[in-house]
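For reference, the structure discussed in these notes is given below.
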Amino acid sequence: MSTTGYATRQAKPRSTPPSPGFQLRNPRRTWRITTGILVALLFAIPVLYVVMISFESQGHFVRSPLTPPASPTFSNFSAAWSQGDLGPEVLNTILYSVVAAAISVALSLLIAFPIARRLVRASTFIYRTFVIGVCIPLPVIPLFIEAQRLDLYNSRIGYILLHVEPGLPLGVILLTAFVMSVPEELDEAAYLEGCGYLRYLVRIVTPLAWPSIVIAFLYSLLQVWNDIIGPVVFLSDPGLFPVTRGVYNFYGANVSAYTILAAAVVIVSLPVVALFIASQRQLLRASVIASR
Amino acid sequence: MAATYRTPSKVRLLSRPSRLVMWLGVAIGLAFFLLFGIAPAVANIVISLTDYSGLAGASTNFTGLGNYTTLFTTQWPGFIGSLGDSLYFVVGVTVIQNAIALALAHRLQGTSRTASLLRILAFLPIVLGVTVVGIVWLLLFDPQSGPVQSVLGHAGFHSAFFGSGSLAMPLTIMVQVWQNLGFTMVVFIGGLKAIPPEIFEAADIDGAGGWRRFRRVTWPLMAPVVSVNITFAVIGSLTTYNLIYILTDGQFGTNTLGILAFNTAFGNTADLGLGASMSVILLLLAIIVALPLVAYLQHRERRLLA
Amino acid sequence: MQLSRAPGRFRRRRAMAGIAAVTTLGAVALAGCGGSSGGGGGGGGNADSGTVKIITWVNPPAVAALTAINKEFEQKYPKIKVQLQTAVNVATGYANLLQTSVNSSSADIVTTVDQLQPLPLHPTRKNETPTQFWSTNNVFADLSTQPWAKNLNDAATKAETYNGKLVGLLSGVYQELVFYNKADFTKYGVTPPKTWDEFITLMNTLKSKGVASPLWLGLGSGASVYVTRFIAEPFMNSLWAPKANGETLAQALEKGDLKWNSPEMIQVLQREQQLAKYLEPSYTGAAWQDMPNAFAQNKAPMLLDGSWDLTSVQKANPTMQVGSFALPGSNDPSANQPVANQDLTFEVLNKAPDKALAMKWMAFFASSDIYKQYVNMTGISPIMKSGGPYSSFSSKVLGPLFGQGFNPGDVLPALSADQGFSDTATQWPLVQEAVMAGSKTPQQAVAMYQSDWKTG
Numbered sequence: 175m176s177t178t179g180y181a182t183r184q185a186k187p188r189s190t191p192p193s194p195g196f197q198l199r200n201p202r203r204t205w206r207i208t209t210g211i212l213v214a215l216l217f218a219i220p221v222l223y224v225v226m227i228s229f230e231s232q233g234h235f236v237r238s239p240l241t242p243p244a245s246p247t248f249s250n251f252s253a254a255w256s257q258g259d260l261g262p263e264v265l266n267t268i269l270y271s272v273v274a275a276a277i278s279v280a281l282s283l284l285i286a287f288p289i290a291r292r293l294v295r296a297s298t299f300i301y302r303t304f305v306i307g308v309c310i311p312l313p314v315i316p317l318f319i320e321a322q323r324l325d326l327y328n329s330r331i332g333y334i335l336l337h338v339e340p341g342l343p344l345g346v347i348l349l350t351a352f353v354m355s356v357p358e359e360l361d362e363a364a365y366l367e368g369c370g371y372l373r374y375l376v377r378i379v380t381p382l383a384w385p386s387i388v389i390a391f392l393y394s395l396l397q398v399w400n401d402i403i404g405p406v407v408f409l410s411d412p413g414l415f416p417v418t419r420g421v422y423n424f425y426g427a428n429v430s431a432y433t434i435l436a437a438a439v440v441i442v443s444l445p446v447v448a449l450f451i452a453s454q455r456q457l458l459r460a461s462v463i464a465s466r
Numbered sequence: 034m035a036a037t038y039r040t041p042s043k044v045r046l047l048s049r050p051s052r053l054v055m056w057l058g059v060a061i062g063l064a065f066f067l068l069f070g071i072a073p074a075v076a077n078i079v080i081s082l083t084d085y086s087g088l089a090g091a092s093t094n095f096t097g098l099g100n101y102t103t104l105f106t107t108q109w110p111g112f113i114g115s116l117g118d119s120l121y122f123v124v125g126v127t128v129i130q131n132a133i134a135l136a137l138a139h140r141l142q143g144t145s146r147t148a149s150l151l152r153i154l155a156f157l158p159i160v161l162g163v164t165v166v167g168i169v170w171l172l173l174f175d176p177q178s179g180p181v182q183s184v185l186g187h188a189g190f191h192s193a194f195f196g197s198g199s200l201a202m203p204l205t206i207m208v209q210v211w212q213n214l215g216f217t218m219v220v221f222i223g224g225l226k227a228i229p230p231e232i233f234e235a236a237d238i239d240g241a242g243g244w245r246r247f248r249r250v251t252w253p254l255m256a257p258v259v260s261v262n263i264t265f266a267v268i269g270s271l272t273t274y275n276l277i278y279i280l281t282d283g284q285f286g287t288n289t290l291g292i293l294a295f296n297t298a299f300g301n302t303a304d305l306g307l308g309a310s311m312s313v314i315l316l317l318l319a320i321i322v323a324l325p326l327v328a329y330l331q332h333r334e335r336r337l338l339a
Numbered sequence: 006m007q008l009s010r011a012p013g014r015f016r017r018r019r020a021m022a023g024i025a026a027v028t029t030l031g032a033v034a035l036a037g038c039g040g041s042s043g044g045g046g047g048g049g050g051n052a053d054s055g056t057v058k059i060i061t062w063v064n065p066p067a068v069a070a071l072t073a074i075n076k077e078f079e080q081k082y083p084k085i086k087v088q089l090q091t092a093v094n095v096a097t098g099y100a101n102l103l104q105t106s107v108n109s110s111s112a113d114i115v116t117t118v119d120q121l122q123p124l125p126l127h128p129t130r131k132n133e134t135p136t137q138f139w140s141t142n143n144v145f146a147d148l149s150t151q152p153w154a155k156n157l158n159d160a161a162t163k164a165e166t167y168n169g170k171l172v173g174l175l176s177g178v179y180q181e182l183v184f185y186n187k188a189d190f191t192k193y194g195v196t197p198p199k200t201w202d203e204f205i206t207l208m209n210t211l212k213s214k215g216v217a218s219p220l221w222l223g224l225g226s227g228a229s230v231y232v233t234r235f236i237a238e239p240f241m242n243s244l245w246a247p248k249a250n251g252e253t254l255a256q257a258l259e260k261g262d263l264k265w266n267s268p269e270m271i272q273v274l275q276r277e278q279q280l281a282k283y284l285e286p287s288y289t290g291a292a293w294q295d296m297p298n299a300f301a302q303n304k305a306p307m308l309l310d311g312s313w314d315l316t317s318v319q320k321a322n323p324t325m326q327v328g329s330f331a332l333p334g335s336n337d338p339s340a341n342q343p344v345a346n347q348d349l350t351f352e353v354l355n356k357a358p359d360k361a362l363a364m365k366w367m368a369f370f371a372s373s374d375i376y377k378q379y380v381n382m383t384g385i386s387p388i389m390k391s392g393g394p395y396s397s398f399s400s401k402v403l404g405p406l407f408g409q410g411f412n413p414g415d416v417l418p419a420l421s422a423d424q425g426f427s428d429t430a431t432q433w434p435l436v437q438e439a440v441m442a443g444s445k446t447p448q449q450a451v452a453m454y455q456s457d458w459k460t461g
């Protein structure tokens, strides 16, 4: 936020067109500040509160839940770390989400390109099937049976493979739309120069389609990331649990140990938040373009 | 479908190995889709016509439409009630999530650093994951020691919050909305940014004030992104139940169809045939809701942008 | 592959053939690969080394006791590891774990809380609990030939036998009644009540002396069933069961000899309504797991709970003096008894990956020293013919009531999925919660129960 005075801002020519409705009057500015703070509070307060109580002793929390700790302690963190299997769970979550999303996006492109270029018979039909596929809720009951029959039950590889399909429909739709906007002359030029199909996709199409790919990747990743039904149904070995099921079990075993619970929540969120902040610019850029 | 297949000349441009790779790519992708998407959906229908129990050794009988009759005629397992809960949940989430996300998008569309930071913050809930979000809100609303109860207790108000038949659903809707605001907002921002500034300048010149400009100019031009967001919100709230599983597991009036189907098959009833029949109905509902919704929204889009 | 030169229809056929091949492959894989589930298949595994996997729900004293016992087992058999996996809550999270484990045979020993016996009058898929269905479908291994089977007392044997096969090892019974803080009773000058009127007088006295909520109850985190077990069953037992001539109340209701909309049941619900006025304000959402701590911190002089929580109470407040009395629903003192509920039964899956190891574990558990340790650590009431004396906190708190009580299966008939909506296990207590909250009248509730009830 600029700290120059009101008059100066008004006199300086703007480099970008003003946002719709932005009028430089004081009440407006107060309104913007207020709403800005409210938005920040809306998202931050619940999380910050939990962070705060993770530093409190259980006694302090029960007596006065609203006041900050007089003497912050790390004991909750060591208790949470030793009681729960938090480290491996975070690694599992990252593994499952990233790999499944990556496979899903790769396959989406491999389907989308031929469909968009109509290189495959019944392209339109296949495309329409994927449009319907977006609405299909995950049929866990048959997948549970399938997982056992195909020996995908209770294994990392199996779990990842089971989570590839949900991201396919959206990926195919997004990438088909994008590929259609790439002129076919580009393809032809590449082929005539002897560029193979895969090389063309990887070297040329992927960088062009990067925003759509990131969206599809994130969508698929967040689905696996936020899945608790999957781990409940497809995994039985606690060493394979992702954070969703692991921390839920931890919660069940420690419902009244509020502060230790808070510490566990903070621990599993740290790597995620760090990663998230590190990649924020890419995320934002991609998501803004996504709505097309 | 007549003009869909390209002439051979285009395909011939690809060398033979390339063609093979292309076919292989499509085949593998479709295999995943068929094996893990279509086949299970079909299998769901088949299982719903039996009394399959999941045990390899036990006998499974074909019961025809028996499961469906049970759902609609007997009060157990609460199918009709869960339709009501689902409706409540879907409408609540869709309307509230989109309304707030639109307001947020309007506020946070700027290029300033603050706006960027706040946009990132809005994504925090979905990135934290459903368990963390669930536990955070369960802690906040704990009826014994939580801060909300602490504050409201001074005013003499007591509630079981997530354990109360009246408050559990509104609270669950609120948490679901809170978690998903980021994504929805960002899509709206994309839509807002796609509107050329000249239109706003023209509206300003015509003297349109804030609200009027929104109604007459912004809102119609946002039709495409509104379609996308509403469709996603409806489908999402109808078919997913991860958050409900953690917050209330379908109790206290939050028994949407998804969680009921899951609990019937994988819970204390262990009746997979009955659970499958509910899954089939859920699938039909999703399709029935999605297709006309998409058609209507596309029609509206065309009409507004024509 | 002369793709470009072949006529259109051949290309089409090739594409269709490709897709068909993939689908067929998938279908064949689904159909043909049956039986390769889980670890070593049916009853296999090395008899000397491996891992025994036991699943149970979060029940703190039992889990702590089992963890200690597992360590001792691993010391005795160094080559065998024991993995105890727990899940949240027996009605929800654990139900998922149990169901998936049974279907995929991915655990060796499972624990259940549903009673096998009594089975419904006419067992069908719809009115049996999962445990009953599985027991009658060969899911659990036959334990009758195990050396320790003779040590179980008659009640424990009868409860877990089907068609002459013993399918479960009942670990003991828990008693459900009212616990009170002896220091508080002395302070307020009251004594344990023996009749309903005495109980109401007692609670009014406490209220007049400044105790806002004399009696606490925790139904949150999925424990609505406690309305059934802690309140409804004792009331029905003391007020209604005496009216069933020559048969148990459960049998009478099941056959239709007695009806739900009778004055006795209405009286039960009226007393529940009255009782609710003395409970803490948000009892429907208060997590059941929080109750032992709340009681130990003296937030309430009395707590409706089961004796399994006594260990937690003692741990939270080691010097606390706790007493107990049966919830007096009736004004006839001899009719008021605590509930003696079967708890935690161990079963071995027939298709367990390490079945021989699992049997070793069961024998270890049932040996007299280890079983006594389990009883003392959990505060459960024992079911072995010989053993003891026991030194648990529960045995002191329950005193003459230790091991006493009525079998709830004799009072409340099976609330199975076969019944109408209000009479299913999940809905039955919720109707009463509504009565207690004042949103339904007792008359409305019994009308719902009766109209939804199917006899025979």
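Protein chains in written order, with my numbering: chain A, 175 to 466; chain B, 34 to 339; chain C, 6 to 461.
From the three backbone atoms N, C-alpha and C, an ideal C-beta is built for every residue, glycine too.
Since we're looking at a predicted model, the values are computed, not measured.
- According to the DSSP assignment, residue 309 of chain C belongs to the beta strand (DSSP E) that extends over 307 to 311.
- Excluding sequence positions up to five before and after residue 54 of chain C, its CB lies within less than 7 Å of the CB of 84, 85, all in the same chain and listed in chain order.
- Within 10 angstroms of the beta-carbon of residue 122 of chain C lie fewer than 16 other beta-carbons, which makes it exposed.
- With a threshold of 16 other beta carbon atoms within 10 Å, residue 205 of chain A falls short and is exposed.
- Judged by beta-carbon spacing, residue 333 of chain A lies within the 9 Å limit of residue 270 of chain A, meaning their Cβ atoms are closer than that value.
- Within the same chain, 285, 286 come within 8 Å of residue 198 of chain B by CB-CB distance, once the 5 residues on both sides are set aside.
- Residues of the segment 395 to 413 of chain A whose Cβ lies closer than 7 Å to any Cβ of chain C, in chain order: 406, 407, 410, 412.
- Against chain B, the CB of residue 300 of chain C has no partner CB under 9 Å away; the residue lies outside that interface.
- Comparing C-alpha distances from residue 307 of chain A to each of B:217, B:67, B:174 shows the shortest one belongs to B:67.
- With a beta-carbon spacing of about 5 Å, residue 233 of chain C and residue 434 of chain C fall inside the 8 Å limit used to define contacts.
- In the DSSP secondary-structure assignment, residue 185 of chain C is bridged to C:307, C:328.
- By the Cβ neighbour-count rule, residue 323 of chain B is buried, with 16 or more other Cβ atoms within 10 Å of its own.
- A residue is called buried when at least 16 other Cβ atoms come within 10 angstroms of its Cβ; residue 276 of chain C meets this threshold and is buried.
- The residue among C:120, C:269, C:245 with its C-alpha nearest the C-alpha of residue 176 of chain C is C:120.
- Secondary structure note for residue 457 of chain C: its alpha helix (DSSP H) is the uninterrupted segment 447 to 457.
- The continuous alpha helix (DSSP H) containing residue 320 of chain C extends over residues 315 to 321.
- Just so you know, the alpha carbons of residue 280 of chain C and residue 248 of chain C end up roughly 23 Å apart.
- Interface criterion not met: the Cβ of residue 201 of chain A is under 9 Å from no Cβ in chain B.
- Taking a C-beta distance under 9 Å as the contact criterion, residue 258 of chain C and residue 62 of chain C do not qualify as a contact pair.
- Under a criterion of Cβ atoms nearer than 9 Å, the residues of chain A adjacent to residue 93 of chain C are, in order, 422, 423, 425, 426, 427, 429.
- Burial is judged here by how many other beta carbons sit within 10 angstroms of a residue's own beta carbon; residue 366 of chain C has at least 16 and is buried.
- Rounded to whole angstroms, the gap between the alpha carbons of residue 241 of chain A and residue 164 of chain B is 25 Å.
- Taking a C-beta cut-off of 9 Å against chain B, the contacting residues of the segment 129 to 156 of chain C are 130, 131, 134, 135, 138, 139, 142, 143, 144, listed in chain order.
- C-alpha of residue 281 of chain A to C-alpha of residue 363 of chain C: approximately 44 Å in a straight line.
- Nearest CB-CB separation between residue 88 of chain B and chain C: below the 9 Å threshold.
- As summarised for the segment 207 to 236 of chain B, there are no continuous alpha helix (DSSP H) elements at least 4 residues long confined to that stretch.
- Nearest to residue 130 of chain B by alpha-carbon distance, out of B:297, B:259, B:73, is B:259.
- If only complete runs of 4 or more residues are kept, the segment 198 to 229 of chain C shows the alpha helix (DSSP H) at 201 to 213, in order along the chain.
- Residue pairing by DSSP places residue 178 of chain C opposite C:347, C:386 in a beta bridge.
- Using a CB distance below 8 Å, no part of the segment 241 to 275 of chain A faces chain C.
- Residue pairing from DSSP places residue 57 of chain C in a beta bridge opposite C:87.
- The beta carbon of residue 240 of chain C sits no closer than 9 Å to any beta carbon of chain B.
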